[in-house]
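Asks: Take this structure, written in structure tokens, and hold onto it; I'll ask about it next.
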Amino acid sequence: MAGAWVTAVIGVVTWLYWAPPAKLLCGDEGTYMFAARDLLATGRAGLDLLWPPLYPHVLAGLLAVAGGSLIAVQALQLGLLLVAAALLHDLTAHLTGSRTAGAIAAFLLLADPTMAAFTTYLWPEILHVFLFLAVLWILIRRRDHRGWLALAGLALGLALLTKSVLGPFAPVLVLPLLLRGPRGRSLASAALVAVVAAAVVSPVAVANGLRRGAWVVSDSSRFNLWLGLNDVSRRSLEGDIAGAEYRRYLASAPDFRGRNDVLEAKIASLVRERGVPEVLRAQLGRQYFRLLDTETYLTEQLPGGFLHQTACGYGPATASLAAPVRLYAYGFHAMLLVAVALAVALTAPWRERAWLRVVLAFLAYNLLVFLVLHVKSRYRLQFVPFLDLFAGAGLAAAWARLRRSDTSKVSGLRIAAAVALAMLLLFLAFGSRLLPG
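Positions 1311 to 1747 (the numbering used here) are the ones given, in order, by the sequence shown.
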């Protein structure tokens, strides 16, 4: 039953993409496609340092192998999602001690219509999710083997070359290694991961330093901070200012360092003018609605969606499926958020609390950075597997109670906290339509 459900979800989103005429590229999809074609034609992607370099290279290689067809790209991304689900299954089962929780978490990842749809898109989210889960799985399940630790460092380096937002959090990933076992061995394990990751990213940073004067892999922090402080809508994709601000960014100075200097001055001026309390009030009233918005790049590219109205997205042949796909996407999102809240009331017997704290820290890190940085609903995809993990734990615990294999008492405080969290998450997901602005 679960396999048939997942197959149907993947089949539908794939059909949506290719139903004639095939889906038109949206936003950064075009940027990545042009960069890949430039790589094939000239050997250089021509991207500003706002964009990490790995995904255009992966895309270029697959286009070269497949003669320009996107089928190879979509096949690889689907394969990566399937492997990511297997990793999540094992991670969840190991951390909770419940294979049922692991199976539910993996099912939720694969049955998520937005995640499935991203296997067909030209954005790096699926690649990044796979790489990050691979790093975490190795550090938790294979941390006693040097070869696996070196592979974790490789995956971490590639993840940093795929999306830069992970960078500040990367040191947290090795903390449990430092706290476990003899100090010498712990330091050696953490150092091995760090050294290999650094070896992967350093050539790119050095090349950028020599050619462009910026010793970074990529850095969009100032640009996204400026966008985040100036976003106007609670809705993820409406009222988007990114295109206009990017054109201003390019015109502001002749090189990357100069543009960042201009952005720093503008950000400092804005914060001084508005004041920190007013800035935080505005961000709290907007950013988390955008992050958890029920409207996604899937629903908004369907006929009638906002992106579809801007001349990108799915073709007219998909109109008959637009309503049921939207309904399923909305319902799935609501169910996932409620299941996450359920885990607060029905806690699993977590086996490795150090790694549980890493997962919680990653969720908190995302909430912190997206309080101020520009955010769209697709940016949550990097932590959706961990929502699936907690949802799997909560649903497995609920199932155990239904079968009466768990009869432990649940405190009223936990129930109240779970209900409050569910209501808050649902309000953030759906409430922007009820509020002005």
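For glycine and all other residues, C-beta sits at the position ideal for the given N, C-alpha and C. Nothing here was measured: the structure is a model prediction, and the numbers come from that model.
1. For the alpha helix (DSSP H) that contains L1341, what are its first and last residues?
2. Apart from the five residues on each side of it in sequence, which residues of its chain come closer than 7 Å, Cβ to Cβ, to L1686?
3. M1425: buried (16+ other C-beta within 10 angstroms of its C-beta) or exposed?
4. Use the C-beta contact count for Q1384: other C-beta atoms within 10 angstroms, 16 or more gives buried, fewer gives exposed.
5. Can you give the beta carbon distance from L1537 to I1551, rounded, assuming they're within the 8 Å contact cut?
6. Would the stretch 1315-1324 count as touching the stretch 1422-1438 if we require 3 or more Cβ pairs under 8 Å?
7. Rounded to the nearest angstrom, what separates N1540 and A1708 at their Cα positions?
8. Near A1345, what residues of its chain come up, given a Cβ to Cβ distance below 6 Å and the 5 sequence neighbours on each side ignored?
9. To the nearest angstrom, how far is the alpha carbon of L1487 from that of A1462?
10. Measuring CB atoms only, is the stretch 1499-1514 touching the stretch 1661-1681, in the sense that at least three cross pairs come out at less than 8 Å?
11. Give me the DSSP bridge partner(s) of G1623.
12. Kindly give me the distance between the Cβ atoms of T1653 and A1710, rounded to whole angstroms, as I take these residues to be in contact under 8 Å.
13. Around the Cβ of W1447, are there at least 16 other Cβ atoms within 10 angstroms (buried) or fewer (exposed)?
14. For the stretch 1459-1473 against the stretch 1723-1736, do three or more pairs of beta-carbon atoms, one drawn from each stretch, fall closer than 8 Å, so that the two count as touching?
15. Could you name each continuous alpha helix (DSSP H) segment of 4 residues or more that falls completely within the stretch 1479-1512, going from the start of the chain to the end?
16. I'd like the list of long-range same chain contacts for V1368, defined as Cβ closer than 6 Å, with 5 residues on each side in sequence excluded.
17. Measure the C-alpha to C-alpha separation of L1391 and L1420 and round it to an integer number of angstroms.
18. Of all the options V1542, D1565, H1404, which has the alpha carbon lying nearest to the alpha carbon of A1596?
19. Considering only residues of the same chain and omitting the five flanking positions on each side of A1671, which have a CB-CB separation below 7 Å?
20. Between P1587, P1478, F1533, which has its C-alpha nearest G1553's C-alpha?
21. Specify the secondary structure class of H1643 as computed by DSSP and reduced to three states.
22. Going by DSSP in three states, V1475 sits in which element: helix, strand or coil?
23. So for F1693, helix, strand or coil by DSSP?
24. Can the beta-carbon of A1639 be found closer than 7 Å to that of T1609?
25. I believe V1516 touches P1362 by the beta-carbon criterion, under 8 Å. Please report the beta-carbon distance rounded to the nearest angstrom.
26. Could you say which of L1683, L1535, E1605 lies nearest to G1641 if we only look at CA atoms?
27. Quick one: what does DSSP say K1576 is sitting in, helix, strand or coil?
28. Return helix, strand or coil for T1430, following the three-state DSSP convention.
Replies: According to the structure data:
1. According to the sequence shown, residue 1341 is Thr rather than Leu. First-last of the alpha helix (DSSP H) with T1341: 1338-1352.
2. In the sequence as displayed, the identity of residue 1686 is Lys instead of Leu. Closer than 7 Å at the Cβ level, and outside the excluded window around K1686, lie S1546, L1547, R1600.
3. buried
4. Of the residues assessed, Q1384 falls on the buried side of the cut-off, its CB having 16 or more other CB atoms within 10 angstroms.
5. 6 Å
6. Touching, yes, given that three or more Cβ pairs across the two stretches are closer than 8 Å.
7. 42 Å
8. Only A1355, L1357, P1366 meet the Cβ criterion.
9. Whole-angstrom Cα-Cα distance: 12 Å.
10. no
11. L1334
12. The residue asked about is misnamed: residue 1653 is Ala in this sequence, not Thr. No, A1653 and A1710 are not in contact; Cβ-Cβ is about 13 Å, not under 8 Å.
13. buried
14. no
15. 1480-1483, 1485-1488
16. none
17. 7 Å
18. Checking the displayed sequence, the identity of residue 1596 turns out to be Arg instead of Ala. Taking only the C-alpha atoms, the option nearest R1596 is V1542.
19. V1482
20. F1533
21. helix
22. V1475 falls in the helix class under three-state DSSP.
23. coil
24. yes
25. So it is not a contact: roughly 16 Å between Cβ atoms.
26. E1605
27. helix
28. coil
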